[in-house]
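K.L.:
Below you'll find the structure I mean.
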Amino acid sequence: MALSRRSFLAALGATAATRARAADLDVVIVGAGAAGLAAAHALRAARRNVLVMEARGRIGGRVFTDESLGPRFETGAFYIHWAERNPWTGIAKAQAAETVDDRTLGGSFAAFRNGERLSTDARRQHREAFGRINTVLGTYDHTTDQSFADLMKGQPPALSDVATAIALMSLGEDPQRVSAADYEQLDSGTDLVVPTGYGKLVERYGAGLPVSLSTPVTAIDWSGQGVVLSTANGTLAARAAIVTVPVGVLAREGIRFTPALPPETLAAIDGLGMGAMTKLALKVEGDRLGQAAFTQYFDDTSRHELINFELWPFEQDLIVATFGGDYARGVAKLGEAGAIDHVTERLLKLTGAELRPKIAGGRLAGWSEEPFSAGSYSLAKPGHLAAREALARPVGDRIWFAGEAVLGPSAMTAGGAVLAGQAAAQAIAGLLAAENVERK
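Quick note: the sequence shown uses my numbering, first residue -10, plus one each step.
Here it is in structure tokens:
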């Protein structure tokens, strides 16, 4: 038997509970990340009764500032990309939160291969290859929607290495699984960072919204006029649902739909993958290696097990390692302790073993192993450039999918997630308003 909304919320200890009954809900939002929070704000502004269901014990999704080591560690999103148009720029301003242009952060850059510092000549070749890669990406036949790997066939090895680095370190995936056309359509512009924490910014943005935490949705029945959502604590009914969970969760059928989703929606989900951009923070006390904040140590191997170490972000006692693709998936499978040991050994090859006793702890953000994400952010598979647009189309005027996966130019960003959540909310609000007019 379905629980009333009030008893459901009371049983879960949800935040911002109201007295509406389940039958009075206009929209249930699945996921309290950037898209879900933005959709909730938009629907409340349209005077609609809304409830957000979140599987984790916190809001923010893949934008989370971890302070368990003492210093702040951005486990997921770090940049407010294309800040000129990104809604988080305005949200930060409204909160009086400081933002800093990424270009002003400073720090030097050192490149290594298999733990050995690159020669001046090798670094020059890499710089030249980076300068040529945009020409290759901008002039190929985009109608073929090739992978990065296929696009680099016949190119000099240095150029192929650069393409691999872009795929792994920007997109978190191996180059054979990345659509070059999808990458090319992404918005660009100024990148801002939030010294007090991007995750903290999102947390404040969601404060006061009706969110039920630790409540994963396991099934959505849309066979009737509305939707019925199932959780371990009971069911909720509403006129419509906005589903903002990552496509990795949808692909492994983390939510069961009855009836099954239409073929075109299933094809869209199948056409999108999840990268494995992974971060690991090491707390390092008492030794700055003579390096300024935001210095980068970039290490490649003969097997392209790329890793980048960012030293002392915001002058904190942290070194943050970032890596992606199958290499990252393998490291994440080691578990936190094993991953810390592995990454520490790679760092010590660059800095010397004398740093070891200064390492006072670590934290792993392995999104590929996190059950409510199943990856870092979405990627269009080669040949499936239209999948994002297809996923954004509503299902039976009852289910909308929203999140960083659905808007091509702003995909893979927290800003794109906000825009997608707002678009879904506006569509539903308009539909509900039209239905009210018809009833009158």
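Beta carbons: idealized from backbone N, C-alpha and C, even for Gly.
Is it buried or exposed for PRO251, if we count other Cβ within 10 angstroms and need 16 for buried?
P.N.:
It counts as exposed.
K.L.:
So LEU295 packs on PHE283, CB below 8 angstroms; how close in whole Å?
P.N.:
At roughly 19 angstroms, the Cβ-Cβ gap does not stay under 8 angstroms, so LEU295 and PHE283 are not in contact.
K.L.:
Is DSSP giving GLU56 helix, strand or coil here?
P.N.:
It is coil, neither helix nor strand.
K.L.:
Which same chain residues, not among the five before or five after ALA416, have their C-beta less than 6 angstroms away from its C-beta?
P.N.:
Excluding residues within five positions, none has a Cβ falling inside 6 angstroms.
K.L.:
For PHE361 and ARG45, which I take to be in contact (beta-carbon distance under 8 angstroms), what is that distance rounded to the nearest angstrom?
P.N.:
Correct: roughly 6 angstroms between the Cβ atoms.
K.L.:
At a cut of 8 angstroms, does the segment 388 to 395 reach the segment 198 to 207 through at least three beta carbon pairs?
P.N.:
Judged by Cβ distances under 8 angstroms, the segment 388 to 395 makes no contact with the segment 198 to 207, as fewer than three pairs qualify.
K.L.:
Using a threshold of 8 angstroms, state whether the C-beta atoms of ALA432 and VAL332 are closer than that.
P.N.:
The question about residue 432 has no answer, for the chain in this structure spans -10 to 429.
K.L.:
Which parts of the segment 167 to 247 are runs of the alpha helix (DSSP H), unbroken and 4 residues or longer, counting only runs that do not cross its ends?
P.N.:
Whole alpha helix (DSSP H) segments, 4+ residues: 169 to 173, 187 to 195, 236 to 240.
K.L.:
In three-state DSSP terms, what is LEU14?
P.N.:
DSSP places LEU14 in coil when its eight states are reduced to three.
K.L.:
On the three-pair Cβ rule with 8 angstroms, is the segment 230 to 239 touching the segment 353 to 369?
P.N.:
Output reads yes: the segment 353 to 369 touches the segment 230 to 239.
K.L.:
Can you give me the Cβ contacts of LEU353 inside the same chain, cut-off strictly under 6 angstroms, excluding the 5 residues immediately before and after it?
P.N.:
Cβ neighbours of LEU353 beyond the five flanking positions: LEU269, GLU325, ALA328.
K.L.:
Am I right that ALA21 and ILE231 are in contact with their C-beta atoms under 8 angstroms? What's the rounded C-beta distance?
P.N.:
Not quite, the Cβ-Cβ distance comes to about 11 angstroms (not below 8 angstroms), so this is no contact.
K.L.:
What do you get for PHE435, buried or exposed, if any count of 16 or more other CB atoms within 10 angstroms of its CB means buried?
P.N.:
Residue coverage of the chain in this structure runs from -10 to 429, which leaves residue 435 outside it and unanswerable.
K.L.:
If you reduce the DSSP assignment to three classes, tell me which class ARG352 lands in.
P.N.:
DSSP places ARG352 in strand when its eight states are reduced to three.
K.L.:
To the nearest angstrom, report how far apart TYR172 and SER136 are at their CA atoms.
P.N.:
Approximately 10 angstroms between the Cα atoms of the pair.
K.L.:
Compare the Cα-Cα distances from LEU271 to each of ASP15, ALA265, THR290, PRO302 and report the closest residue.
P.N.:
Cα-wise, what sits closest to LEU271 is PRO302.
K.L.:
From ASN38 to ALA227, what distance separates their C-alpha atoms?
P.N.:
One C-alpha to the other measures close to 9 angstroms.
K.L.:
Under 8 angstroms between the Cβ atoms of PHE98 and LEU107?
P.N.:
It is not a contact, given that the beta carbons lie outside the stated cut-off.
K.L.:
Got a sec, what are the start and stop residues for the beta strand (DSSP E) VAL273 sits in?
P.N.:
Per DSSP, VAL273 belongs to the beta strand (DSSP E) from 267 to 273.
K.L.:
Taking ALA403 as the reference, give the member of ILE388, THR128, ALA81, VAL17 with the closest Cα.
P.N.:
Checked all of ILE388, THR128, ALA81, VAL17; the closest Cα to ALA403 is ALA81.
K.L.:
Going by DSSP, which residues form a beta bridge with THR333?
P.N.:
Bridge partners of THR333: none, in fact.
K.L.:
Pick out the complete beta strand (DSSP E) segments inside the segment 369 to 395, 3 residues or longer, and give them in chain order.
P.N.:
The qualifying runs are 388 to 390.
K.L.:
Helix, strand or coil for ALA138? Go by DSSP, reduced to three states.
P.N.:
Helix, per DSSP.
K.L.:
Output needed for THR340: all residues of its chain with C-beta closer than 7 angstroms, excluding positions within five of it in sequence on either side, in chain order.
P.N.:
The residues are LEU278.
K.L.:
For ASP13, which residues of its own chain have a beta-carbon under 6 angstroms away from its beta-carbon, when the five flanking residues on both sides are left out?
P.N.:
For ASP13, where only same-chain residues beyond five positions count, the Cβ hits under 6 angstroms are ASN38.
K.L.:
Given that a residue counts as buried once 16 or more other Cβ atoms are within 10 Å of its Cβ, and exposed if not, what is GLY314?
P.N.:
Classification for GLY314: buried.
K.L.:
In angstroms with no decimal places, state the Cα-to-Cα distance between ALA118 and THR185.
P.N.:
Approximately 36 angstroms between the Cα atoms of the pair.
K.L.:
Suppose the cutoff is 6 angstroms on Cβ atoms and the five residues either side in sequence are ignored; what does the same chain contact list for GLY355 look like?
P.N.:
Once the five neighbours on either side are set aside, the close Cβ partners of GLY355 are THR267, ALA321.
K.L.:
Helix, strand or coil for ASP288? Go by DSSP, reduced to three states.
P.N.:
It is a strand residue.
K.L.:
Taking the alpha-carbon positions, what's the ILE308 to GLU299 distance?
P.N.:
Cα-Cα distance, rounded: 6 angstroms.
K.L.:
Can you check which of these residues, ASP180, ARG33, ILE244, PHE390, is closest to THR254 by C-alpha distance?
P.N.:
The shortest C-alpha separation from THR254 is found at PHE390.
K.L.:
Is the beta carbon of VAL407 less than 8 angstroms from the beta carbon of ALA86?
P.N.:
Cβ atoms of VAL407 and ALA86: not closer than 8 angstroms.
K.L.:
Where do the N-terminal and C-terminal ends of the alpha helix (DSSP H) with LEU148 fall, by residue?
P.N.:
Residues 146 to 155.
K.L.:
First and last residue of the beta strand (DSSP E) that includes THR311?
P.N.:
It spans 307 to 312 - the beta strand (DSSP E) in which THR311 sits, taken as one unbroken run.
K.L.:
Name the DSSP bridge partner or partners of GLY22?
P.N.:
GLY22 is not bridged to any residue.
K.L.:
Closer than 6 angstroms by C-beta to HIS373: which residues in its own chain qualify, once you throw out the five before and the five after it? Chain order, please.
P.N.:
Correct list, in chain order: GLY260.
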